[in-house]
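First the structure, in the form of structure tokens, and then the observations on it.
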């Protein structure tokens, strides 16, 4: 095997050229869960003239936020970058990946390490629905403060990364079911992004996600055989 | 508000008693994506006599593994605990949450920090499908080794947590679409779990997930208003 390598920027952008897929993303008539899961692909080429309205973006995020989270604390936070000038500002921070400026919006999935501070609000909603007695709700909220409040920063960050991944998956599926395409991106400079977009100090970055109308389907799915990533009962 | 609190074990188990939901989990006739996303709930009470066969569990994990991942390296790994004796062994490590032993299986979602070492295998599959020229594939694989091989452990762990969250969401939806229920759990002793189940040193723990036939639906969804977790363009 040749020892030639590419820079990170080349490597992140090359993927678009080398993917020899030629068809456009499939528009689903059937939005059965399994069809959506099978047909969703990571799309890197978008119609730059296609805009999604804010109401629809909010609906997609509401669907994403129906996902489960650690103690239902919903640590996910979303920064939706729709202004073209802001997308242009993000472009070099994200290794000049063209989908940053071509897709309708970039959604930064973030996670709040201090999400537990909303515990009273969240559990009061449950109590008000009649699904939890008030006195138990108070004990529960106190326990969440005790527990999460004593977690080291690394553990709160881990929870934010997992919750953020969970919400991102539901968001990508929701987008596909509505006829849109997405690609999750980890290839950006996190420190520069945090500074450039004033991301609050207590937030974790999880991923960037382009959302729009794709023009090229992206790679067919290839996956490792399931038995290579699956173990029964315990490791030897 | 009272200052009474609960121990972690009480707090994790109390949730079952205090949830005043009385109906059984909804069996979906319509498995449209949006219906599945809305109707999936975290279920903590299971029929202990109900078993799911291995073939079906493998299919659910195959669907989960269709999710996207960092550079398609599929860092997720699954340990499926189905033996009753192994579930009993896990019970005290997971704060005696009854769903550990009552649900058909517990799936430990894990993540391999060394998943990038499979890059040649994964990208060779893509090249063999004719979707990437061989010489480019080599350069691509070399670049992945350079990049991921130079990441500090914390960054590889973060990727494993996010990829694991992504796969877990798709798994939970796939289960619901097939008529099963799940609950993701972070309330377990990670160090004890790793030791008791011989989890490889290069694996991250992401979550435990009970999978089975639920007998009680679990909490109705309550969520923060979307505009409280959503920001447009940049933070002030």
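Protein chains in written order, with this note's numbering: chain A, 450 to 685; chain B, 450 to 685.
Backbone N, C-alpha and C fix where the C-beta goes; we use that ideal spot for every residue, glycine too.
Item                                                                                                                                 : Value
CB contact check: residue 602(A) to chain B, cutoff 8 Å                                                                              : no
Terminal residues of the beta strand (DSSP E) in which residue 680(A) lies                                                           : 679 to 681
Residue 597(A): first and last residue of the uninterrupted alpha helix (DSSP H) it sits in                                          : 583 to 599
For residue 486(A) and residue 623(B), believed in contact at Cβ under 8 Å, the rounded distance                                     : 7 Å
Which of helix, strand or coil DSSP assigns to residue 625(A)                                                                        : helix
Proximal chain B residues relative to residue 550(A), where beta-carbon distance stays under 8 Å                                     : In chain order: nothing, as chain B lies at least about 14 Å away.
Length at least 4, wholly inside the segment 486 to 556 of chain B: the alpha helix (DSSP H) runs in chain order                     : 503 to 513, 533 to 539 and 548 to 551
Outcome for residue 472(B) when other beta-carbon atoms lying within 10 angstroms are tallied against a minimum of 16                : exposed
Supposed contact pair residue 493(A) and residue 628(A) - C-beta distance, whole angstroms, cut 8 Å                                  : Going by Cβ atoms, the distance from residue 628(A) to residue 493(A) rounds to 18 Å, so no, they are not a contact pair.
Spatial neighbours of residue 540(A) in its chain, beta-carbon cut-off 7 Å, leaving aside the 5 residues before and after            : 549 and 550
Distance between residue 647(A) and residue 684(B) (C-alpha atoms, nearest Å)                                                        : 5 Å
Inter-residue spacing [alpha-carbon to alpha-carbon] between residue 562(A) and residue 583(A)                                       : 26 Å
Residue 571(B) versus residue 650(A): straight-line alpha-carbon distance, rounded                                                   : 37 Å
Cβ of residue 480(A) within 8 Å of any chain B Cβ                                                                                    : yes
Own chain residues within Cβ distance below 8 Å of residue 645(A), not counting five before or after                                 : 538, 539 and 542
Assigned exposure category for residue 601(A) - 16 Cβ within 10 Å defines buried                                                     : exposed
Coarse secondary structure for residue 455(B), derived from DSSP in three states                                                     : coil
Where the alpha helix (DSSP H) through residue 573(A) begins and ends                                                                : 568 to 577
Inter-stretch contact at 8 Å, needing at least 3 Cβ pairs: the segment 590 to 598 of chain B / the segment 584 to 591 of chain A     : no
Members of the segment 509 to 538 of chain A that neighbour chain B once the beta carbon cut-off is set at 7 Å                       : 510, 511, 512, 514, 515, 516, 517, 519, 523, 525, 526, 527, 528, 529, 530, 531, 532 and 535
Nearest candidate by alpha-carbon position, reference residue 556(A), set 516(A), 528(A) and 452(A)                                  : 528(A)
8 Å Cβ cutoff met for residue 613(B) and residue 560(B)                                                                              : yes
As assigned by DSSP and simplified to three states, the class of residue 484(A)                                                      : helix
Residue span of the beta strand (DSSP E) that contains residue 639(B), given as start and end                                        : Residue 639(B) -> not in any beta strand (DSSP E); alpha helix (DSSP H) instead, spanning 639 to 645.
Euclidean distance between Cα positions of residue 491(A) and residue 653(B)                                                         : 25 Å
Distance between residue 618(B) and residue 659(A) (C-alpha atoms, nearest Å)                                                        : 19 Å
Positions along the segment 575 to 601 of chain B whose CB lies within less than 9 Å of some CB in chain A                           : 575, 577, 578, 579, 580, 581, 582, 584, 585, 586, 587, 588, 589, 590, 591, 592, 593, 594, 595 and 596
Beta-carbon proximity check, residue 616(A) vs residue 513(A), cutoff 8 Å                                                            : yes
Selected residue, minimal CA-CA separation from residue 676(A), among 675(B), 476(B), 509(B) and 458(B)                              : 509(B)
Between the CA atoms of residue 522(A) and residue 674(A) - distance to the nearest angstrom                                         : 35 Å
Residues bridged to residue 658(B) (per DSSP)                                                                                        : 556(B) and 633(B)
Counted within 10 angstroms of its Cβ, other Cβ atoms place residue 661(A) as buried (16 or more) or exposed                         : buried
Beta-carbon contacts of residue 497(B) that lie in its chain and below 6 Å, excluding the five residues immediately before and after : 551
Below-8 Å beta-carbon distance, residue 664(A) vs any chain B residue                                                                : no
8 Å Cβ cutoff met for residue 558(A) and residue 655(A)                                                                              : yes
Rounded separation between residue 665(A) and residue 459(A) - CA only                                                               : 20 Å
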